[in-house]
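J.:
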Amino acid sequence: MQKLKEANLYRSELIPISGKLVERYNKCLVKLGFMPTKLKIFSIDGKGWSPEIAEEKKTLHYLNNGEANPHAIIISPLQKGKPVYVPFHTFDREMMQYIFKTHEAKINNITRDSAICIDFDQNIDAFYEPLDVLKYDTVNISFHLIDNLDNVRKEQLDLIHKFKQGNNFIDETLHAQLLKSAITYGDLRHRDLELHELQYTTNSFYTKAFGGVYVLRDFIKEIVVFEDKKWHKEAIKDTTHDVLIYHILQPELMDKLRDHVIIECDLEVEVKTERYERIKKFVFAETIKNPQHSFIAILNDKVLTKSYLNKLPIEDRKRVMSVERYLEKLEVSNEYKISDIVDLKFFEALHKPHSSLDAKHQDLIWKLLINVSAKDVLFLYWYDKEQFYKTYDTWNTSLKEWVIQEISNNI
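Under the numbering used here, read the sequence shown as residues 1 to 411, first letter to last.
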């Protein structure tokens, strides 16, 4: 990962946490029902998730109380607008943006000397069956301050009110209570510490519950796509929900998405795009064994490209050139089928969200498509960084250098 870090492509926007902020973070963990961290220095993202603490706890989603109960932590106003690096749902970042948009001034005030624990409640105590994810509708976002600072403020106001009554101003016990509270928490009288509950309404989304599930709403019919074969098999037993259920690797899924005008692919258009060239180069790189040159040279130098292409076994060569071969044959006769000539995963990788979809749906469908066929390294990085980092580790050093170059040239 060092080369990714040097290119600012690996979690480059994390916020460093140390000193007093560590104590506040631990208070949040305890308040949410988790064990505190032993780390003295770590970093967090926009949701308050820390890669170092995740490694310490040996669980990626350590801010979840079960798959149905995610949480977040805000200990710094610097978290505003920062990436959510390991979202449990595709709408996690939108919820954090909504929180800061609504409560930014209060967050700035509170985090001067406190921290905020956030509970995302979709009114589901726990998941029992895979289609329980269909219950996601409205998420209630509630806030809790460490040391119950909002309640302490009310207590201070009550003490001050009592102090002003009759001859209470000479009550030494009352003096001591006021002084103790002021020394411990400061003067909270003029602090606005009340964060009212928010509601976020979901539409189509992806969740990591049950091994990863896409819920596609607002289309001809609701579609649920599972990444995990075990939970897919369990879900298809369900007879109570009127939804279409697929596993992400079922070829029928792509047919259905095309039929429902969710995705599209015009090969004659796509073959002229930079994205096609990038995908084709990656497909080509996958076929090359023991290269004598760097992949940057092989994939960017036309002479070397032809040299390596002609050294490939005939089936690999056909796969790399399958799209162009199909379009050439189509000029002669329309009897050819795409499936007869074009490599399936290559063809799937060239699909895109239908142009009629709104921006939110397009982002979700891009994520789905990149997980159906992860041949576009740039879009894999954009839409599924976790999977990108895992896949990146499997590539040889030379291919990694080309991938970094491709991404760096497009951001």
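Backbone N, C-alpha and C fix where the C-beta goes; we use that ideal spot for every residue, glycine too.
Could you give the residue range of the alpha helix (DSSP H) that holds residue 287?
T.: Run containing residue 287: 274–287, per the alpha helix (DSSP H) assignment.
J.: What residue from 249, 310, 321, 315 has the CA that sits closest to residue 281's CA?
T.: Of the listed residues, the one whose Cα sits closest to residue 281 is 321.
J.: Would you say residue 46 and residue 93 are within 8 Å of each other, going by their C-beta atoms?
T.: Contact flag set, yes.
J.: What's the gap between the Cα of residue 232 and the Cα of residue 23?
T.: Roughly 43 Å between the two C-alpha positions.
J.: Please specify which runs of the alpha helix (DSSP H), each continuous and at least 4 residues long, are wholly inside the stretch 308–396, giving them in chain order.
T.: Runs found: 314–320, 322–332, 338–341, 344–349, 359–372, 377–383, 385–392.
J.: Examine the Cβ distances between the stretch 315–330 and the stretch 291–298 and report whether three or more of them are shorter than 8 Å.
T.: Flag = no, the stretch 315–330 and the stretch 291–298 do not touch.
J.: Quick check on residue 28: does DSSP put it in helix, strand or coil?
T.: Helix at residue 28.
J.: Closest to residue 40 by CA distance: which of 118, 345, 50 is it?
T.: Residue 40 has its Cα closest to that of 50, out of 118, 345, 50.
J.: Which first and last residues belong to the beta strand (DSSP E) in which residue 248 is found?
T.: Here residue 248 belongs to no beta strand (DSSP E), and DSSP marks it neither H nor E.
J.: Measure the Cβ-Cβ separation of residue 72 and residue 48 and say whether it is below 8 Å.
T.: A contact, by the Cβ cut-off of 8 Å.
J.: Please confirm whether residue 14 and residue 44 have their CB atoms less than 8 Å apart.
T.: Going by C-beta atoms, residue 14 is nearer than 8 Å to residue 44.
J.: Beta-carbon within less than 6 Å of residue 4's beta-carbon, same chain only, minus the 5 sequence neighbours each way: which residues are those?
T.: Hits under 6 Å: 10.
J.: Within a Cβ cutoff of 6 Å, which residues of the same chain sit near residue 227, ignoring the five residues on either side of it in sequence?
T.: If we look at residue 227 and ignore the five residues flanking it on each side, its Cβ neighbours are 211, 212, 248.
J.: Considering residue 232, what are the terminal residues of the alpha helix (DSSP H) in which it resides?
T.: Start and end: 229–235.
J.: Considering residue 89, what are the terminal residues of the beta strand (DSSP E) in which it resides?
T.: Here residue 89 belongs to no beta strand (DSSP E), and DSSP marks it neither H nor E.
J.: Whole-angstrom Cβ separation of residue 264 and residue 351, contact assumed at under 8 Å?
T.: The pair is a contact, with the Cβ atoms about 7 Å apart (cut-off 8 Å).
J.: Going by C-alpha to C-alpha distance, which of 324, 142, 38, 79 sits closest to residue 16?
T.: Nearest of 324, 142, 38, 79 to residue 16, Cα basis: 79.
J.: Grab me the residues of residue 362's own chain with a C-beta within less than 6 Å of its C-beta, minus the 5 sequence neighbours each way, in chain order.
T.: Excluding residues within five positions, the ones whose Cβ falls inside 6 Å are 353.
J.: With respect to the alpha helix (DSSP H) encompassing residue 296, which residues constitute its N-terminal and C-terminal limits?
T.: Its alpha helix (DSSP H) spans residues 295–300.
J.: Would you give the residue range spanned by the alpha helix (DSSP H) that residue 7 belongs to?
T.: Where residue 7 is concerned, there is no enclosing alpha helix (DSSP H), given that its DSSP letter is neither H nor E.
J.: Do you know offhand how far residue 2's Cα is from residue 283's?
T.: Cα-Cα distance, rounded: 25 Å.
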